[in-house]
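**Q** If you use the working numbering, the sequence shown corresponds to residues 200 to 331, in order. Cβ coordinates follow ideal geometry from the N, Cα and C atoms, glycine included.
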Amino acid sequence: MRIGVTSVFVDDQDRALEFYVDVLGFQLKDKVPLGEYYWLTLVSPADVEGTQLLLEPDQHPAAKAYKKALSADGIPVIAFSVDDVETEYRRLQERGVVFTQAPLVSGPVVTAVCDDTCGNLLQLVSPVPAGA
Numbered sequence: 200m201r202i203g204v205t206s207v208f209v210d211d212q213d214r215a216l217e218f219y220v221d222v223l224g225f226q227l228k229d230k231v232p233l234g235e236y237y238w239l240t241l242v243s244p245a246d247v248e249g250t251q252l253l254l255e256p257d258q259h260p261a262a263k264a265y266k267k268a269l270s271a272d273g274i275p276v277i278a279f280s281v282d283d284v285e286t287e288y289r290r291l292q293e294r295g296v297v298f299t300q301a302p303l304v305s306g307p308v309v310t311a312v313c314d315d316t317c318g319n320l321l322q323l324v325s326p327v328p329a330g331a
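Okay, structure coming up:
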């Protein structure tokens, strides 16, 4: 068994697509019209056949409540692995990304948390650099 698709609820699929592709660097996999919305999936350019991220409309009341509660409590909806959180933090800050948590060493990992502009907090995670 493998994870094929995981989803993030977004309040605007077009804005989310722009942020996740143009800012974060994911690659569009599928954009299939489904009435007012899309089946909109992304992949990592480093693993185009790997797990897909579905940018799912948050139109269901439970989705909106879920997002609001997590964001209010500072809880990221998903974690993305990166090679070096400090480097990504600086790169994304230069692109105007708002961080709610600067890089922080937590045991064997470094984490940072940013806002995806669509109602979610995202966590970036990397191993603590050797010698740190």
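Assign alanine 245 to one of three DSSP states: helix, strand, or coil.
**A** In the structure shown, alanine 245 sits in coil (DSSP, three-state: anything other than H, G, I, E or B).
**Q** Confirm, please, whether the CB-CB distance from threonine 316 to leucine 253 is below 9 Å.
**A** The answer is no: Cβ separation not under 9 Å.
**Q** Along the chain, where does the alpha helix (DSSP H) that runs through proline 260 open and close?
**A** Residues 260-271.
**Q** Does the Cβ-Cβ distance between valine 297 and aspartate 272 come in under 9 Å?
**A** Result no, Cβ atoms of valine 297 and aspartate 272 do not sit closer than 9 Å.
**Q** Please list, in chain order, all residues of the same chain as glutamate 285 whose beta carbon is under 6 Å from its beta carbon, the five residues on each side excluded.
**A** The residues are Pro302.
**Q** DSSP on aspartate 229, reduced to helix/strand/coil?
**A** Aspartate 229 falls in the strand class under three-state DSSP.
**Q** Which one of Asp257, Val209, Ile202 and Ala329 has the shortest CA to CA distance from leucine 321?
**A** The shortest C-alpha separation from leucine 321 is found at Val209.
**Q** Which residues in the same chain have their Cβ closer than 7 Å to the Cβ of tyrosine 236, if we skip the five residues on either side of it in sequence?
**A** Cβ within range, chain order: Gln212 and Pro256.
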